[in-house]
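Q: For reference, the structure I am asking about is given below.
In this note's numbering, the protein residues as written are 72 to 282.
Below, the structure is given as structure tokens:
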């Protein structure tokens with residue numbers, strides 16, 4: 072891999088280690104960069120269930136995604152970062168036609184990502200990432216339109232609260248501004264008796280700032 076070459080900067084009269092994430096981060100620990108960020112965006116989620124999908128493929132649900140992150144450079148000689156944080160995210164979906172059910176599933180989510188930051192011109196950086204996530208359901212409803220009933224999503228026979236899976240995508244940063252696209256593939260079976268073999272999936276579009 073070709074590594075970007077950057078000029079040495081000075082901060083408070085002393086040489087500053089080059090920054091791989093755009094040159095606007097002066098937080099360091101033992102020579103490794105640290106950054107903090109806020110994120111706001113939309114998620115386009117689906118609930119995938121093999122039995123329901125026989126009648127009609129799942130439709131997506133659009134929901135809010137909001138949270139805060141922190142990243143730590145794993146080595147001062149390489150632009151590789153470990154990022155985590157805490158998000159409130161609205162997932163779910165809809166199954167139409169025969170079943171006609173709305174799934175509203177809301178989670179607190181902890182992503183764990185590895186990022187590689189590629190400096191483009193000293194101000195822009197491209198940041199592909201891969202990792203996973205853990206989530207805990209904090210609320211939600213199941214709406215059955217055929218018989219006009221509403222149930223709590225995380226009841227004993229519907230959905231489990233714990234979820235987890237893979238997450239991958241790519242971000243771009245300009246100075247302090249940040250945006251990314253990502254996809255989550257749920258690996259945990261979140262279904263109970265009424266919805267066996269059920270998994271979440273979600274496509275995200277986020278914007279934010281890094282400090």
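Just so you know, even glycine gets a beta-carbon here, dropped at the ideal spot from N, CA and C.
Return helix, strand or coil for residue 251, following the three-state DSSP convention.
A: Residue state, collapsed to three classes: strand.
Q: Determine the direct distance from the alpha carbon of residue 208 to that of residue 266, and round the result to whole angstroms.
A: Their Cα atoms are separated by approximately 16 Å.
Q: In this structure, does DSSP put residue 265 in helix, strand or coil?
A: It is helical.
Q: Determine the burial state of residue 118: buried for a count of at least 16 other Cβ atoms within 10 Å of its Cβ, exposed for fewer.
A: With 16 or more Cβ atoms within 10 Å of its Cβ, residue 118 is classed as buried.
Q: Got a sec, what are the start and stop residues for the beta strand (DSSP E) residue 180 sits in?
A: Here the beta strand (DSSP E) through residue 180 covers 172–187.
Q: Please work out which residues of its chain come closer than 6 Å, Cβ to Cβ, to residue 172, disregarding the five sequence neighbours upstream and downstream, and give them in chain order.
A: Around residue 172: 166 and 215.
Q: Are the stretch 190–199 and the stretch 217–229 touching, with three or more C-beta to C-beta distances below 8 Å?
A: The answer is no - the stretch 217–229 does not touch the stretch 190–199, with fewer than three Cβ pairs under 8 Å.
Q: If we count the other Cβ atoms within 10 Å of its Cβ and call it buried at 16 or more, is residue 151 buried or exposed?
A: Classification for residue 151: exposed.
Q: Which value, in whole angstroms, describes the spacing of the CA atoms of residue 154 and residue 205?
A: Each residue's alpha carbon lies about 14 Å from the other.
Q: Can we say the stretch 131–141 touches the stretch 104–118, given the rule of at least three CB pairs closer than 8 Å?
A: Cβ pair count under 8 Å is three or more, so yes.
Q: Report the rounded CA-to-CA distance for residue 179 versus residue 282, giving the unit in angstroms.
A: In a straight line, the C-alpha of residue 179 is about 23 Å away from that of residue 282.
Q: Taking the alpha-carbon positions, what's the residue 115 to residue 142 distance?
A: The straight-line gap from Cα to Cα measures roughly 25 Å.
Q: Look at the Cβ atom of residue 230, then the Cβ atom of residue 262, and state whether they are nearer than 8 Å.
A: Result yes, Cβ atoms of residue 230 and residue 262 sit closer than 8 Å.
Q: Less than 6 Å between C-beta atoms, sequence neighbours within five positions excluded: which residues of the same chain meet that for residue 237?
A: Cβ neighbours of residue 237 beyond the five flanking positions: 203 and 256.
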